[in-house]
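Trainee: This is the structure I have questions about; it appears just below.
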Amino acid sequence: MQQFFTVFKYEFKKIVLSKGYLISTGIMAIILASVFFLPQLISDLKLFGSSDNTPVALIKTDYAKSETLVQTIHVALPDYEVKLTDKSTEEAKQEVINDKAKFFIEANHDLTEVTEYSKIGFSEASTREVQSIDTIVKNLRQSDLLAEQNLTPSAIAKVLNPDVKINLETVNKNGAASVIYTFVLIYALYMAITFYGSHVMNSVVTEKTSRAMEVLATSVKPNALLFGKIISTSLAGLIQIAAIIIEAFICVKISSANNPDFPVNQIISNIPTQILVYMLIFFLLGFLIYSFLYGAFASTVSKIDELSSAIMPVQIIIVFTFIATMSAINSGNADTPFNVFLSYFPFTAPMMMFTRAIISNVSTLEIILSILVLIVSTYFIGWLSARIYRVGILMYGEKPNFIKLMGAIFKKQ
Amino acid sequence: MKLEIKNLTKKFGDKKVLKDLSFTVESGKAFGLLGRNGAGKTTTIRILMQVFQPTSGKVLLDGKPIDYSKVSLGYLPEERGLYPNDKIVDQLIYLAALKGVDKKTAAASIDYWLDFLQMTDYKNAKLKTLSKGNQQKIQLISCIVHNPDIVIFDEPFSGLDPVNSQLLEDVVCEQIKRGKIVLFSSHQMDYVSEFCDDILILKEGEIKLQGNLRQILKNHRKNKLLVKSDEVEKIHAALPEQTEILREGELVYRLKKDEDRAKTMSDLIKKYPIDQIGDLESTLKDIFIEYAE
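What follows is the structure, encoded as structure tokens:
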């Protein structure tokens with residue numbers, strides 16, 4: 001036990017003081033803060049900037065109610081300065097070319113022919129503007145056509161705005177926002193498992209290829225070495241995830257006070273606490289199960305260039321899990337028999353059960369059952385990996401094949 | 001203290017890599033464990049270090065099964081390497097801690113050995129920034145930093161320049177002087193001859209020769225005399241059948257089957273201007289080749 005704590009302390013200190021850990025934590029913190037505060041900062045800076053930054057929309061038309069057209073466009077595109085112009089078509093186009101106007105609209109007297117001019121790919125790039133103008137022009141035309149039928153303005157308004165009430169209600173557990181944060185959380189879980197799993201793998205391979213293992217194998221029990229390494233790495237990972245979660249909540253608090261309608265605040269506030277607790281549990285179990293595999297497979301490698309082929313089976317499982325999980329989110333149905341099976345299968349359970357916990361109506365009992373399955377399988381995989389590791393660390397030369405390796409680990413040493 | 005290896009046998013699958021190996025080493029003495037690559041030296045060391053369990057046989061200390069919680073071992077492996085990216089002092093403290101040494105004691109010991117090996121300037125450097133020879137010295141410190149009772153040196157002199165070799169010789173001598181049990185495995189027979197009192201030659205896991213080194217050398221005395229003289233050509237011309245010039249000023253005289261060694265020596269001294277005459281002893285290298293090949 002003493003040796004386990006010695007290894008744990010040394011490895012933990014090494015990882016949390018490593019440049020990679022500090023830089024990745026810093027970058028994640030900056031990205032997270034940027035998500036909250038950068039849009040606000042940019043718009044604040046705009047306020048202080050000159051009015052030259054306001055985009056201009058030029059309109060040239062013989063339409064009788066040109067003022068109405070201008071006002072309606074301005075209502076639809078409030079960030080634009082909408083101006084009527086009597087310049088020639090060519091001159092107005094020149095304004096767009098010279099960036100004096102963002103776009104220029106030429107409409108005939110009854111709005112039956114409208115042309116929009118913009119610099120590069122305006123129609124593809126600015127669908128908001130195109131759609132707004134499209135709707136406005138069509139509405140005005142409809143209104144004019146209806147007026148020609150001698151309908152009263154109120155009758156026209158009634159026709160154009162029929163009193164149909166359309167209600168939208170999301171029936172899954174946490175509403176629409178859950179899909180967005182499910183993607184983010186699953187991706188974060190996948191990244192954390194692979195990032196920390198690779199750390200364990202590299203640590204084992206470095207000890208083996210640098211031959212430090214020759215000394216270590218005679219100084220410390222292999223189990224203490226493997227478990228000390230993996231548990232210290234998982235603690236470092238948990239600290240990093242917890243730090244990011246805490247930062248996110250602080251950002252929500254600050255940002256909500258300044259900008260309550262900011263969508264990211266609403267999405268994060270929508271994440272139930274139990275989901276974050278599940279995330280920590282599934283990260284821990286997922287990380288442990290994969291780290292044991294990474295550690296065991298890496299221990300069979302003598303040279304660093306053999307590593308990628310040695311850990312290929314683990315990579316395939318983890319990528320498959322990620323794809324299966326993403327498909328479940330995309331399809332919106334995480335409860336297919338296959339997905340249910342994956343949510344109890346040890347290697348896929350951390351991500352699949354976590355996904356189902358967010359987007360589906362899984363009972364707490366089912367989640368606990370999946371966690372129990374994971375705990376038992378983590379114990380078993382840990383035991384098996386420790387056996388592989390014990391044999392692997394002293395194997396040099398040709399990489400053993402699976403059958404040879406299994407034979408060696410169950411042989412009495 | 002007396003370390004006894006008794007009837008050690010080790011099988012890997014059906015392959016027997018050690019066959020009934022027994023030897024004894026006492027405190028303040030060095031024991032040479034010799035053999036070609038693959039003879040079973042490293043397996044013996046690993047059993048001693050508890051990496052492997054023997055198939056049969058025992059490791060005893062002062063007649064009782066060795067209690068690893070009470071005795072400490074230091075090991076300098078043949079394949080060297082520590083953590084290339086870690087600071088030297090950090091990893092030495094870590095390795096000492098794995099042997100149960102507290103930080104303060106380890107730090108004092110590290111300072112002593114860094115100074116002894118003229119490495120104090122590199123205390124806070126990363127291992128990978130050091131030359132190969134200096135990295136070996138750090139590895140040596142990792143082997144003795146916890147003041148072990150039993151020290152195992154596996155090819156300690158490989159890759160060292162003469163100055164570093166001398167420093168390492170001083171360390172080995174110091175360990176012997178401190179009353180440690182020293183186990184020495186090397187292919188450099190000069191060093192083995194210099195340090196070891198007893199040796200053992202292994203071949204395919206089996207003992208081929210074992211005993212006191214001086215006695216072994218004496219027993220393997222050749223039936224030849226080594227003659228040193230300024231006139232070796234003259235002696236060779238007079239006794240062409242029985243002599244052979246070894247190098248300038250040195251000549252080998254082959255004794256006939258029943259020839260009296262003492263009488264022949266005295267006759268030669270009387271007849272020729274001889275500076276020195278004596279038995280031509282086998283070297284450990286000759287003996288090693290004879291038994292290990």
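From first to last, the protein sequence lines stand for chains A and B.
My numbering puts the first residue of the first sequence at 1, with every later residue one more than the last.
My numbering puts the first residue of the second sequence at 1, with every later residue one more than the last.
Cβ coordinates follow ideal geometry from the N, Cα and C atoms, glycine included.
Nearest chain A C-beta to residue 125 (chain B) closer than 8 Å, yes or no?
Mentor: Residue 125 (chain B) does not count as touching chain A.
Trainee: Using a Cβ cut-off of 9 Å, which residues of the segment 188–219 of chain A contact any Cβ in chain B, in chain order?
Mentor: Under the 9 Å Cβ criterion, the segment 188–219 of chain A contributes 206, 207, 209, 210, 211, 212, 213, 214, 215, 216, 217, 218 and 219.
Trainee: Excluding the five sequence neighbours on either side, which residues of its own chain have a C-beta within less than 8 Å of the C-beta of residue 72 (chain B), listed in chain order?
Mentor: These residues qualify, in order along the chain: 99, 100, 146, 147, 148, 149 and 150.
Trainee: Which one of B:183, B:260, B:256 and B:41 has the shortest CA to CA distance from residue 30 (chain B)?
Mentor: Of the listed residues, the one whose Cα sits closest to residue 30 (chain B) is B:183.
Trainee: Measuring only the C-alpha atoms, how far is residue 306 (chain A) from residue 271 (chain A)?
Mentor: Computed Cα separation, rounded: 42 Å.
Trainee: Are the Cβ atoms of residue 201 (chain B) and residue 107 (chain B) separated by less than 8 Å?
Mentor: No. Outside cutoff.
Trainee: May I ask you to list the residues that DSSP assigns as paired with residue 212 (chain B)?
Mentor: Note: residue 212 (chain B) sits in a beta bridge opposite B:198.
Trainee: Check for me: the alpha helix (DSSP H) holding residue 36 (chain B) runs from which residue to which?
Mentor: Premise fails: residue 36 (chain B) is in no alpha helix (DSSP H) and is neither H nor E.
Trainee: Could you tell me which whole beta strand (DSSP E) segments of length 3 or greater appear in the segment 214–285 of chain B?
Mentor: As far as the segment 214–285 of chain B is concerned, its whole beta strand (DSSP E) runs of at least 3 residues are 224–229, 243–247, 250–254 and 274–279.
Trainee: State the DSSP-derived secondary structure class of residue 49 (chain A), mapped to helix, strand or coil.
Mentor: Note that residue 49 (chain A) scores 48 on pLDDT, short of 50, meaning its location in the model is unreliable; the coordinates nonetheless yield the value given after this. In this structure, residue 49 (chain A) counts as coil in the three-state DSSP scheme.
Trainee: Just tell me which of A:285, A:265, A:239 and A:298 has its CA closest to the CA of residue 202 (chain A).
Mentor: With distances taken between Cα atoms, residue 202 (chain A) lies closest to A:298.
Trainee: Hey, would you say residue 83 (chain A) sits closer than 8 Å to residue 97 (chain A), going by beta carbons?
Mentor: Their beta carbons are not under 8 Å apart, which means residue 83 (chain A) does not touch residue 97 (chain A) by this criterion.
Trainee: Count the other C-beta atoms from every protein chain shown that fall within 10 angstroms of the C-beta of residue 139 (chain B), then say buried if there are 16 or more, exposed otherwise.
Mentor: Burial call: buried.
Trainee: Nearest to residue 40 (chain A) by CA position, among A:220, A:259, A:267 and A:318, is which residue?
Mentor: Comparing Cα positions, the closest option is A:259.
Trainee: To the nearest angstrom, how far is it from the Cα of residue 236 (chain B) to the Cα of residue 243 (chain B)?
Mentor: Answer to the nearest angstrom: the Cα atoms are 6 Å apart.
Trainee: At least one CB of chain B closer than 8 Å to the CB of residue 394 (chain A): is that the case?
Mentor: Judged by the 8 Å Cβ criterion, residue 394 (chain A) is in contact with chain B.
Trainee: Residue 136 (chain A) to residue 104 (chain A), Cα distance in whole Å?
Mentor: One C-alpha to the other measures close to 15 Å.
Trainee: Determine the closest residue to residue 370 (chain A) out of A:292, A:391 and A:346, with distance taken between C-alpha atoms.
Mentor: It is A:346 whose Cα lies nearest to the Cα of residue 370 (chain A).
Trainee: If you run the structure through DSSP and keep just helix, strand and coil, what is residue 205 (chain B)?
Mentor: Note: residue 205 (chain B) maps to coil in three-state DSSP.
Trainee: In terms of residues, what are the limits of the beta strand (DSSP E) holding residue 117 (chain A)?
Mentor: Taken as a continuous stretch (DSSP letters only), the beta strand (DSSP E) holding residue 117 (chain A) covers 114–118.
Trainee: Quick one: grab the DSSP three-state call for residue 20 (chain B).
Mentor: DSSP places residue 20 (chain B) in strand when its eight states are reduced to three.
Trainee: Using beta carbons (cut-off 8 Å, strictly below), is residue 133 (chain B) in contact with chain A?
Mentor: Answer no: the Cβ-Cβ gap between residue 133 (chain B) and chain A never drops below 8 Å.
Trainee: Classify residue 129 (chain A): buried if its beta carbon has 16 or more other beta carbons within 10 angstroms, exposed otherwise.
Mentor: Looking at its Cβ environment, which holds 16 or more other Cβ atoms inside 10 Å, residue 129 (chain A) is buried.
Trainee: Name, in chain order, the residues that DSSP records as bridge partners for residue 59 (chain A).
Mentor: Beta-bridge pairing links residue 59 (chain A) to A:84 and A:105.
Trainee: When the Cα atoms are used, what is the spatial distance from residue 364 (chain A) to residue 263 (chain A)?
Mentor: If I take the Cα positions, the gap works out to 29 Å.
Trainee: In three-state DSSP terms, what is residue 123 (chain B)?
Mentor: In this structure, residue 123 (chain B) counts as coil in the three-state DSSP scheme.
Trainee: From what residue to what residue does the beta strand (DSSP E) around residue 11 (chain B) run?
Mentor: Segment 2–12, the beta strand (DSSP E) holding residue 11 (chain B).
Trainee: Mind listing the chain B neighbours of residue 6 (chain A)? Cutoff is C-beta to C-beta under 8 Å, in chain order.
Mentor: Those within 8 Å of residue 6 (chain A) in chain B are 94, 97 and 98.
Trainee: According to DSSP, simplified to helix, strand and coil, what is residue 78 (chain A)?
Mentor: In this structure, residue 78 (chain A) counts as coil in the three-state DSSP scheme.
Trainee: From residue 14 (chain B) to residue 20 (chain B), what does the alpha carbon distance come to, in whole angstroms?
Mentor: Roughly 16 Å separates the two Cα atoms.
Trainee: Along the segment 141–157 of chain B, where does the CB come closer than 7 Å to a CB of chain A? Name the residues.
Mentor: Flagged, chain order: 142.
Trainee: Can you say whether residue 5 (chain A) is buried or exposed, counting buried as having 16 or more other CB atoms within 10 angstroms of its CB?
Mentor: Exposed.
Trainee: Between B:212, B:187 and B:190, which has its C-alpha nearest residue 199 (chain B)'s C-alpha?
Mentor: Considering only alpha carbons, the answer is B:212.
Trainee: Determine the chain B residues that contact residue 3 (chain A) at a beta-carbon separation under 9 Å, and present them in chain order.
Mentor: Under the 9 Å cutoff, chain B gives 97, 98 and 100.
Trainee: Taking the beta carbon of residue 310 (chain A) as the centre, do at least 16 other beta carbons fall within 10 Å, making it buried, or is it exposed?
Mentor: The residue is buried, with at least 16 neighbouring Cβ atoms inside 10 Å.
Trainee: If distances are taken between C-alpha atoms only, which option among B:74, B:75 and B:49 comes closest to residue 295 (chain B)?
Mentor: Residue 295 (chain B) is absent from the structure shown; chain B starts at 1 and stops at 293.
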